[in-house]
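Add 32 to a position in the sequence shown, counting from 1, and you land on the number used in my numbering.
In what follows, a structure is listed as structure tokens, so that the remarks can point back to it.
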Amino acid sequence: MLNGLMQEQPLLISSLIEHAARLHPQGEIVSRTSEGPIHRCTYADVRRRARQLANALTALGVGAGERVATLAWNGYRHMELYYGVSGTGAVLHTINPRLFPEQIEYIVNHAEDRLLFFDPGFLPLVEKLAARAPGISRHVVLTDRAHMPASSLPGLLCYEELLAAQSADFAWPQFDENSASSLCYTSGTTGNPKGVLYSHRSSVLHSWAACAVDGLAVSAQETVLLVVPMFHVNAWGMPYAGAMSGARLVMPGPALDGRSVYELLRDERVTLALGVPTVWLMLQQYVESAGLRPAEELCLRRVVIGGSAAPRAMSERFANDFGAFVVHAWGMTEMSPLGSVCNLLPRHAGLSPEQRLALQEKQGRAVYGVEMKIVDDDGVELPHDGLAAGHLLVRGPWITRAYYREEGAGNVDGDGFFDTGDVATIDADGYMQITDRAKDVIKSGGEWISSIALENAAIAHPAVAEAAVIGAAHDKWQERPLLIIVRKAGHELGRDEMLDFLRDRVATWWLPDDVVFVDELPHTATGKLHKLRLREQFRDYRLPGA
């Protein structure tokens, strides 16, 4: 084997912010702060303050590989932690504050976090956590002295004072690119949350995929609104991709209601926005109720939707009302998260609006670096014909091979493919479509019914705010679909009307056996429908004629 004669330089996260500060020093990061006002800074500012933070961490005795936790919304200070912590060789552990307190306690102790940085609004949670997480030696509030909250926590530190005491003169250490950079935990809907430990190499490679034209096409031409939280799979890698490309980033802080998101889209002239369907549903409902004309007021061109399936009706509303194209993407915490993106091919230029919307329902084609296959229950690979549905397996350089501090290969097979837990089809052009989670698919008389397809069909009804489908026990068919609906405020809708609406939209044998109306649906900490809780809630429900 003849080796090449190229320079060997490790792919490190610190190189991203250095690149941004050199090539895009005036690239802007806009943040709605926890204190209230809008804050503006540049990539050069982030580099300077990340270096100050690195010196502060060194002074506090944080060593390579040690975990530093955050409980924070999207904002410039959180972004400084992304670089200041990982750049020193320590590991950034972003904690999802929407988890149950018991789960947060578990992951803080499981990760063996040493320091905790948090937004002021999370003080009550941190005070309760402190006695149950003895490994955390210091707590730092992400604010200035004027906004420091009163607290009984001993030795509480002020972030701005911590930085002000340090020089911006810091030389980022060089080390193995396979060193751990950040740690995220799954939402833990079954059992305890599991840790996914990313490396510097995986994070930099993932950033290239996000910036690629056939990825998410993040570039210096875009103003990007990060509705996806920075505690959810590192905001889908956008703080890294933003620095790599020089994109202008807009951070919404804790305000994710429809009005607040709309104001940022309008005032900051956002061209690209990323988030889960739950947030976009709130935005669209606000626009409808307020009688706004977003296509005239906004500059929005693309909306990336991930986390759970994007309903066809949502894509249609963005196209018709906002003049924005929905880019359906798919991934997982275990995948950093980007796996596939639903970009169009040249031959799709002549599609009718209906045909294009049908294609947009798919989660898209694998980005370079990700391999996909679908297999049956026996592990036999299935054809990519758009019809055969099987267990979706993936592998690639930013996909986990094991969970943090767990023995064995876990969900990885002998060829290195990770079992995603999803059921999917893949067509001849490589477009993948999730038909269900393996645990959520409805097995009726030996055939599979997609709960996702039924939900997306139901959400298209103008009186439906949100829909969920679960399998209910049936003596003859084993399971049959139960449709659970949240009506829009001020709208009337009955069982028979809903079923009549679905009759021309799904296969006859897919029609739900019953429709139940509720005031709200449960969601996971990442905004997905909490099917486990729904199944528990309706465990004893008897279908008509079952």
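Using N, Cα and C, we set each Cβ at its ideal position, and we do this for glycine too.
Keep in mind that this is a model prediction, so the values were computed, not measured.
On the criterion of 16 or more Cβ atoms from any shown chain inside 10 Å, does HIS56 qualify as buried, or is it exposed?
buried
Selection from GLY97, HIS523, MET38 and HIS125 that minimises the alpha carbon distance to ASP585:
The structure shown does not extend to residue 585, since the chain is modelled only from 33 through 578, so no value can be given for it.
Select from ASP507, VAL358, LEU288 and ARG280 the residue whose C-alpha is nearest the C-alpha of LEU575.
ASP507
Report the rounded CA-to-CA distance for HIS423 versus GLU479, giving the unit in angstroms.
15 Å
How big is the Cα-Cα spacing for SER63 and MET180?
19 Å
Since SER476 is in the beta strand (DSSP E), which residue starts that stretch and which ends it?
474 to 476
Return the residue from the list ALA345, ASP353 and ARG80 that minimises the CA-CA distance to GLU329.
ASP353
Pick from VAL250, TRP204 and GLY269: whose alpha carbon is nearest that of LEU215?
GLY269
Does TRP509 pass the burial test, meaning 16 or more other C-beta atoms within 10 Å, or should it be called exposed?
buried
For GLY290, which of helix, strand or coil comes out of DSSP?
helix
Close beta carbons around GLY274, own chain, < 6 Å, minus the five adjacent residues each side:
LEU281
DSSP bridge partner residues for PRO69 (one or two, in chain order):
Its beta-bridge partners do not exist; DSSP assigns none.
Can you grab the Cα-Cα spacing for the pair TYR586 / TYR75, in whole Å?
Lying outside 33 to 578, the shown extent of the chain, residue 586 is not represented and no answer is given.
Which of helix, strand or coil does DSSP assign to TRP362?
strand
Please report the straight-line C-alpha distance between VAL265 and ALA539, rounded to a whole angstrom.
36 Å
Who pairs with MET579 in a beta bridge, going by DSSP?
The requested residue 579 does not occur in the structure, where the chain is confined to residues 33 to 578.
Three-state secondary structure (DSSP) of TRP312
helix
I want to know whether the region 314 to 323 touches the region 234 to 242 - three or more CB-CB distances under 8 Å.
no
Should GLN58 go down as buried or exposed, given a rule of 16 or more other Cβ atoms within 10 Å for buried?
exposed
Using a Cβ-Cβ cut-off of 7 Å (strictly less than) and excluding sequence neighbours within five positions of ALA557, which residues of its own chain qualify?
ASN128, ARG130, LEU131 and SER219
Enumerated in chain order, which unbroken segments of the alpha helix (DSSP H) with a length of 4 residues or greater are wholly contained in the region 85 to 156?
108 to 119 and 133 to 143
Paired residues, beta bridge with VAL518 - DSSP
GLU498
Just to confirm, are GLN608 and SER372 a CB contact at a threshold of 9 Å?
Absent from the structure is residue 608, since the part of the chain shown begins at 33 and ends at 578.
The beta strand (DSSP E) that contains ILE484, what's its start and end?
That residue, ILE484, is in no beta strand (DSSP E); its alpha helix (DSSP H) goes 483 to 491.
Taking GLY274 as part of the alpha helix (DSSP H), name the residues at either end of that continuous run.
270 to 277
Inside the region 182 to 259 only - beta strand (DSSP E) runs reaching at least 3 residues:
212 to 217, 227 to 231 and 255 to 258
As assigned by DSSP and simplified to three states, the class of VAL547
strand
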